[in-house]
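Going by our numbering, the sequence shown wraps up at 202, each residue one higher than the last.
Below you'll find the structure, written out as C-alpha cells, and then a few comments.
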Amino acid sequence: MTNPRVAFLRELAGEILDRYGRGRMIVAVDGPLRSGKSAFADDLRDVLMEREHTVFRARMEDFHRSREAQAAYGPDTPERYFGYGYDESALRRALVEPFRLAGSAAFVTRVFDPSRDAWVEPKWITGPEDAILVIDGRFLLRERLTGLWDFRIAIDGDPTDAADLLAYATRDPRTVADVVVDLGDPAHPRRSGERRPDET
C-alpha cells in the first residue's frame, strides 16, 4: 500500500540506506513528548524491512531508571528526570555496545517496564552481520548520546513538557539531526520547512 506517509518514509529509508553499506547501523528518532516519534519509528522500521533488511526496534522508554533509583539523585523534578530518568549505562551495555559487536554478541532491546516500575527478564537476541536498529525516545540527541547513532532524525515541534524544555534549552535536537520531520499532519509528513502540495 502506498500513501503520502509511506511514500515519505520510503524516500527517507532510501537516504538512510545510501549511507548504509555493510555491518550494523543505528537510527535514532528524537522528539518532544507526544510528538508521534514512536509511531514514526515503527513505520520506518516496516519500510526498511520492505527492502529485505534485518531491522530491530527499541524504545528509550524501555531503558528507564526505577523510581527508587531516580530518587538517589534528589527530589522528583523535571531537572532530575532530564538528567537521570533513563539508565544510559544499561542502554550502552545491554544494547548499543553488543549490537555494534555483531557476530555472536547478544543484545537486549528492553530492560525495564516503566508502567510497572520493574525490571523485565532480559531477552537476549542476536542478528546477522548486516542489521539496522531503529530506536526512538526523548533526549536521544543530547550531546552525551548523539555519538552513538549513525543517522539522526528529529521530529519537529516545540517542547511543552518541563523536562523537554530543559532538554531543548541545552541542545535542540533539530539543530544536530540529519533530517527534521514535520508531523503536523501525521498522514502527510514532510521535511521541516518544505511546503505541502496543497499549500500556496
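Virtual Cβ for every residue (Gly too), placed ideally from N, Cα, C.
Sequence-distant partners of W121 (beyond 5 residues in either direction) whose C-beta falls short of 7 Å from its own C-beta, in its chain, are V113 and F114. In this structure, the beta-carbon distance from I137 to G38 does not fall below 8 Å. Taken in chain order, the unbroken stretches of alpha helix (DSSP H) that lie wholly in the segment 36 to 76 and span 4 residues or more are 39 to 52 and 69 to 73.
Ranked by Cα distance from R140, the options P100, D163 and E131 are led by D163. In this structure, F84 lies near A169, with their beta-carbon atoms less than 8 Å apart. Within a 10 Å sphere around the beta-carbon of D32 sit 16 or more other beta-carbons, which makes this residue buried. When rounded, the separation of the alpha-carbon atoms in M3 and I18 is 21 Å.
Taking every protein chain shown into account, the CB of P130 has fewer than 16 other CB atoms within 10 angstroms, so this residue is exposed.
For the pair A133 and T56, the CB atoms are nearer than the 8 Å cut-off.
Counted as a single uninterrupted DSSP element, the beta strand (DSSP E) harbouring A30 occupies residues R26 to D32.
F84 is not bridged by DSSP to any residue.
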